[in-house]
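Residue numbers (our numbering): 22 to 477.
So this is what it looks like as structure tokens:
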């Protein structure tokens, strides 16, 4: 009979996913009477519901999972409300046989408390599903995941680690709650037994009391205060993409219903994280030059405009380098474009490593590059340009002996706001003119544009 009720409830979720009509809700309320007659409690009904939702999700595409969860939540609410009424009628019909109704009132109160708890847990899942499926920002997604899992488990610390490209190291991305700063400095790798055990079973690893776990080894200053622990794997398309660790400074019992809810939330979280990562990678590629890894020309123009507005607003200096490879056509003609591409890649890496983190290096086009230097006046910029020129001169590239002088060199033209330029176009025009002056002066030089001696 119980199996029949479970199958009937699963069919109702299928119908409501496709139909969503009041007719299906009415069927669910009628089914609640059968739950009462079989002596089922709210926890049993939630278990039937969770199993049914998992079954229906497995029959559909991942894109339909959020809608199935939301629709099933309405069906569960209708069933639970009808169950409460049916259970009360059942108690009243039996009250004549018992003199003490207080026991039944207490039972009903307990059931209502359990019902409220289950509804609250499902509300958390509802909120999580709505937020993570509407946000494409990775950090926002991670924060919501951590907050909701801490809420449903009542644990006081949550750490979220994401795997690297080879899934060997799990780098911490977010830490919330007790001892968050200490966790930030500690990383897990895939060989750690807390990670391996959770990933092997593809399910949460729970220690309700770590003192009863012989393998538990506290990390001084990090988790030596922990009494309860949970590791939740994040699996996307069958591959581990991360791990969530939850801990409590008090011993916490976790029910089967909460474990199931945590697993479903983790599955939703993994999909949301992958979607946010894909969005960020697509965004990165749209502003990056594929060959050199530097910003592309379009994003360079945007950044220069933004930095010029900021410099003008706050009265701060701004400088620009225009960089051109010396005799690169000779190199390409003698060595071929494959070696030429390697030179461009090497130059991109060298420029990126030689400038500050606050600077913006870009490929301007062909063998020409540019660097935007915020908060940098002409004196500081000239010194930085000389350092960059020297770093490039020390680079070793394939077949560099064919180059004049036997080494890779560049010419650099530079200009600065507000000393020698009023607009972003002035910066580009003046730096470009200084670059060609450096070429005329013999190459492998830095030339600063000066208004008293226009290199043009």
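Ideal Cβ placement from N, Cα and C applies to all residues, glycine included.
Do residue 255 and residue 291 have their beta-carbon atoms positioned less than 8 Å apart in this structure? Yes; because the gap between Cβ atoms is below 8 Å, this pair is in contact.
Residues in its own chain within less than 6 Å of residue 346 by CB, not counting five upstream and five downstream? Here the set comprises 388, 431.
Rounded straight-line distance, which links the Cα of residue 50 to that of residue 99: Rounded to the nearest angstrom, the two C-alpha atoms are 6 Å apart.
Taking just the CA atoms, how far does residue 168 sit from residue 264? One C-alpha to the other measures close to 15 Å.
If you run the structure through DSSP and keep just helix, strand and coil, what is residue 195? Of the three classes helix, strand and coil, the one that applies to residue 195 here is strand, per DSSP.
Take residue 60 as the anchor and find which of 223, 296, 105, 458 has the nearest alpha-carbon. For the residues 223, 296, 105, 458, the minimum Cα distance to residue 60 belongs to 105.
Strictly by DSSP, which residues pair up with residue 434? 343, 468, per the DSSP bridge assignment.
Could you have a look at residue 254 and say whether DSSP puts it in helix, strand or coil? Of the three classes helix, strand and coil, the one that applies to residue 254 here is strand, per DSSP.
State the CB to CB distance for the pair residue 272 and residue 249, rounded to an integer number of angstroms; the pair is presumed to be in contact (CB under 8 Å). Their Cβ separation, rounded to whole angstroms, is 6 Å, which keeps residue 272 and residue 249 in contact under 8 Å.
Return the Cβ separation of residue 286 and residue 159 in integer angstroms, given the expectation that the two are a contact with Cβ distance under 8 Å. Going by Cβ atoms, the distance from residue 286 to residue 159 rounds to 17 Å, so no, they are not a contact pair.
I'd like the span of the beta strand (DSSP E) that includes residue 391, first residue to last. Counting along the chain, the beta strand (DSSP E) containing residue 391 begins and ends at 389-395.
Skipping 5 residues on each side, what residues in its chain have a beta carbon closer than 6 Å to that of residue 260? Within the same chain, residue 260 has no close Cβ partners at all.
Give, in chain order, every unbroken run of the beta strand (DSSP E) that is at least 3 residues long and sits entirely within the stretch 254-332. As for any beta strand (DSSP E) of minimum length 3 sitting wholly inside the stretch 254-332, the runs are 260-269, ordered along the chain.
Whole-angstrom distance between residue 92 and residue 40, CA atom to CA atom: Whole-angstrom Cα-Cα distance: 10 Å.
Out of 62, 440, 72, 64, which one is the CA nearest neighbour of residue 29? Of the candidates 62, 440, 72, 64, the one whose C-alpha sits nearest the C-alpha of residue 29 is 72.
Note down the Cα distance separating residue 233 from residue 269, rounded to an integer number of angstroms. Taking the straight line from one Cα to the other gives about 15 Å.
Could you compute how far the alpha carbon of residue 110 sits from the alpha carbon of residue 172? Straight-line Cα distance between these residues: approximately 34 Å.
By how many angstroms is the C-alpha of residue 441 removed from the C-alpha of residue 471? Pairing residue 471 with residue 441, the inter-Cα distance amounts to about 7 Å.
Which residues mark the beginning and the end of the alpha helix (DSSP H) in which residue 6 is found? No information on residue 6 is available, as it lies outside the stretch 22 to 477 that the chain covers here.
Is residue 289 buried or exposed, if buried means 16 or more other CB atoms sit within 10 Å of its CB? Buried, since its Cβ has 16 or more Cβ neighbours within 10 Å.
With DSSP as the reference, label residue 81 as helix, strand or coil. Reduced to three states, the DSSP call for residue 81 is coil.
If the criterion is Cβ atoms closer than 8 Å, does the pair residue 135 and residue 63 meet it? Taking 8 Å as the Cβ cut-off, residue 135 and residue 63 qualify as a contacting pair.
Bridge partners of residue 178, per DSSP? 198, 268.
C-alpha distance - residue 131 paired with residue 184, whole-angstrom precision: Roughly 43 Å separates the two Cα atoms.
Where does the unbroken alpha helix (DSSP H) through residue 44 begin, and where does it stop? Residue 44 -> alpha helix (DSSP H) spans 43-58.
On the criterion of 16 or more Cβ atoms from any shown chain inside 10 Å, does residue 253 qualify as buried, or is it exposed? Residue 253 counts as buried, since no fewer than 16 other beta carbons sit within 10 angstroms of its beta carbon.
Rounding to the nearest angstrom, what Cα-Cα distance links residue 424 and residue 331 in this structure? Between residue 424 and residue 331, the C-alpha separation is close to 41 Å.
For residue 351, count neighbouring C-beta atoms within 10 Å of its own C-beta (all shown protein chains included) and say buried if the count is 16 or more, exposed if not. Counting Cβ neighbours within 10 Å, residue 351 comes out exposed, since fewer than 16 surround it.
Closest by C-alpha distance to residue 282, when choosing among 25, 36, 69: Ranking the options by Cα distance to residue 282, first place goes to 69.
Report the three-state DSSP secondary structure of residue 418 (helix, strand or coil). In the structure shown, residue 418 sits in coil (DSSP, three-state: anything other than H, G, I, E or B).
Inter-residue spacing [alpha-carbon to alpha-carbon] between residue 464 and residue 303: One Cα belongs to residue 464, the other to residue 303, and the distance between them is close to 38 Å.
So what does DSSP say about residue 247, is it helix, strand or coil? Here residue 247 sits in coil by DSSP.
Alpha-carbon spacing of residue 293 relative to residue 27, whole angstroms: Going from the Cα of residue 293 to the Cα of residue 27 covers about 30 Å.
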